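Participant:
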Amino acid sequence: MNSMKLIGLNLKWYRYQLGLTQEDYANKTKFKMGYISTIETGEANLTCSNIDYIAKSLNVKPKDLFEESRALEAQKLPPKINMYNKTK
Numbered sequence: 136m137n138s139m140k141l142i143g144l145n146l147k148w149y150r151y152q153l154g155l156t157q158e159d160y161a162n163k164t165k166f167k168m169g170y171i172s173t174i175e176t177g178e179a180n181l182t183c184s185n186i187d188y189i190a191k192s193l194n195v196k197p198k199d200l201f202e203e204s205r206a207l208e209a210q211k212l213p214p215k216i217n218m219y220n221k222t223k
């Protein structure tokens with residue numbers, strides 16, 4: 136799995152753990168929803184600054200975004216969080 140895919144899947148995993156939809160996360164980070172989708176699908180070639188920013192926004196270390204076992208778990212997540220049944 137390449138780095139872009141690892142980061143995207145780990146972002147998705149952490150976002151799900153926080154109960155955030157892509158829209159919620161976009162509001163939190165000021166990224167556009169389309170950009171978040173591009174990251175999560177592994178199509179965004181992120182800068183180191185953006186990797187650091189994403190990690191900080193999720194309250195994790197940048198190296199955590201490269202964890203392959205977590206990324207494999209993220210692949211099993213449903214495509215969308217049910218925004219109406221979130222628990223925070």
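Taking this note's numbering, I'd label the letters of the sequence shown as residues 136 to 223. By construction, the Cβ of each residue, glycine as well, lies at the ideal position given by its N, Cα and C atoms. Note that the structure is a prediction, hence the values are computed from the model and not measured.
#1: Taking buried to mean at least 16 other C-beta atoms within 10 Å of its own C-beta, is Glu-203 buried or exposed?
#2: So is Lys-147 buried or exposed if we call it buried at 16+ other beta carbons inside 10 Å?
#3: By DSSP, does Asn-180 sit in helix, in strand, or in coil?
#4: Looking only at its own chain, which residues have a Cβ that is under 7 Å from the Cβ of Arg-150, when we skip the five neighbours before and after it?
#5: Mind checking which residues open and close the alpha helix (DSSP H) that includes Glu-158?
#6: Can you tell me which of the three DSSP states Lys-223 falls into?
#7: Which value, in whole angstroms, describes the spacing of the CA atoms of Leu-144 and Leu-193?
#8: Assuming contact is defined by CB atoms lying nearer than 8 Å, are Met-139 and Gly-177 in contact in what I supplied?
Facilitator: The relevant details are as follows:
#1: With fewer than 16 Cβ atoms within 10 Å of its Cβ, Glu-203 is classed as exposed.
#2: Under the 10 Å beta carbon count, Lys-147 is surrounded by 16 or more other beta carbons and is classified as buried.
#3: Assigned with DSSP and collapsed to three states, Asn-180 falls in coil, not helix or strand.
#4: If we look at Arg-150 and ignore the five residues flanking it on each side, its Cβ neighbours are Tyr-160.
#5: 157-164 is the extent of the alpha helix (DSSP H) around Glu-158.
#6: Legend: pLDDT at Lys-223 = 45, less than 50; position of this residue unreliable, value from coordinates given subsequently. Assigned with DSSP and collapsed to three states, Lys-223 falls in coil, not helix or strand.
#7: One Cα belongs to Leu-144, the other to Leu-193, and the distance between them is close to 13 Å.
#8: The answer is yes: Cβ separation under 8 Å.
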